[in-house]
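S.K.:
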Amino acid sequence: MRIVVCVKTNYDLQMVRVKGREPVLEALPYKVGDLEKNALEAALQLREGGLECTIVALTVAEANAKVKETMKEALALAADEAVVVNDPALAATDQAALAAAIAKAIEHTGGADLVLFGEGSTDNYSGLVGSRVAELLGLPQIGYARSIAVADGAVTVERSMDDMIETLQAPLPAAVTVVSEINEPRVATLMNIMKAGKKPLTELSLADLGLDAGAAAPQKAVLSNLAEEQDRKHIIIEGDAATAAAGLVDALVKEGVLGR
Ligand SMILES: Cc1cc2nc3c(=O)[nH]c(=O)nc-3n(C[C@H](O)[C@H](O)[C@H](O)COP(=O)(O)OP(=O)(O)OC[C@H]3O[C@@H](n4cnc5c(N)ncnc54)[C@H](O)[C@@H]3O)c2cc1C
26 MRIVVCVKTN YDLQMVRVKG REPVLEALPY KVGDLEKNAL EAALQLREGG LECTIVALTV
86 AEANAKVKET MKEALALAAD EAVVVNDPAL AATDQAALAA AIAKAIEHTG GADLVLFGEG
146 STDNYSGLVG SRVAELLGLP QIGYARSIAV ADGAVTVERS MDDMIETLQA PLPAAVTVVS
206 EINEPRVATL MNIMKAGKKP LTELSLADLG LDAGAAAPQK AVLSNLAEEQ DRKHIIIEGD
266 AATAAAGLVD ALVKEGVLGR
């Protein structure tokens, strides 16, 4: 059985600095998205539970050496092989075009019995890609998975809803998007990090998938992506140290920060 885990390589958001209201993205390292780590771990746990499977980590991104390097993290965490669709035309794509490339790449590289996604990516979190790929491949899709079991040609998923837990089953092949409650992703061991460099990694362009650059053209544009403006009060407390300290306490009590 073939499990394809779709992995978005994100900027490491812990490392982002904000200059004015704009994030500074130059020289930022990349990492495997958080929920994608859960999806990789879910695939690994299915195998550890006795399911015979090959785990393939697949990413679609603009041509960028950091993306390929980051996929070694997916190989060290769980995947047996990686597929990197790498094309300059994907630098400013959108979820629709991206999903079309993922669907083609899955078909091109041997198909999938189970396709796993994060419920949303770590940065954009639109939560669109999983459903779009499922639709394009004609697969049943189950979202918000907090547990996954595979048996007798079907996937059984418990999914987290606001006020209940629903159990659903779909015949394979199927697509499932996972939430963080599904597991605690393990940290790659040094041995697995070293082995990752030797695992197969296939690079494909859009042309290899029979798509032209126009296929990556977005149908929508991000006009701006700014941090929220903070409305600060700028209270200045005048006077000597004792008066200023008393004034500060009064101000904090008024704001409800300190009780009296
Ligand atoms: C490195 C990089 C740079 C980009 N730069 C720009 C840019 O500058 N301007 C622009 O308009 N667009 C850019 N894009 C494309 C845009 O961010 C895509 O729309 C995005 O990859 C998918 O949308 P989302 O993050 O909301 O995914 P969601 O729908 O929230 O993701 C859900 C799940 O889908 C899967 N998934 C999502 N993205 C990918 C992926 N790329 N490959 C494999 N699986 C995936 C993951 O499992 C993820 O957990 C970039 C994409 C990448 C990867």
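The opening residue of the sequence shown carries number 26 in my numbering; numbering runs sequentially from there. Glycine is no exception: its CB is placed at the ideal position from the N, C-alpha and C atoms.
Is it a yes or a no for the segment 211-229 touching the segment 189-200, going by three-plus beta-carbon pairs under 8 Å?
M.R.: At 8 Å Cβ cutoff, the stretches do not touch.
S.K.: Tell me whether the segment 238-255 and the segment 109-126 touch, counting them as touching only if at least three CB pairs, one residue from each stretch, are closer than 8 Å.
M.R.: yes
S.K.: Can you find the residues in the same chain that come closer than 7 Å, C-beta to C-beta, to MET40, ignoring five residues on each side of it along the sequence?
M.R.: LEU53 and PRO54
S.K.: Are at least three pairs of beta-carbons, each pair with one atom in the segment 150-164 and one in the segment 103-110, less than 8 Å apart?
M.R.: no
S.K.: Take the Cβ of THR202 as the centre, count every other Cβ of all protein chains shown within 10 Å, and call the residue buried at 16 or more, exposed below.
M.R.: buried
S.K.: Of all the beta strand (DSSP E) runs that stay within the bounds of the segment 92-146, which reach a length of 3 or more residues?
M.R.: 106-111 and 139-143
S.K.: Do the segment 133-145 and the segment 253-271 touch if we need at least three Cβ pairs shorter than 8 Å?
M.R.: no
S.K.: Is the segment 146-156 close to the segment 169-179, with three or more CB pairs under 8 Å?
M.R.: no
S.K.: Measure from the alpha carbon of ALA252 to the alpha carbon of each residue in LYS33, PRO48, VAL29 and THR34, then state which is nearest.
M.R.: Measuring from the Cα of ALA252, the nearest candidate turns out to be PRO48.
S.K.: List the DSSP bridge partners of CYS31.
M.R.: LEU83
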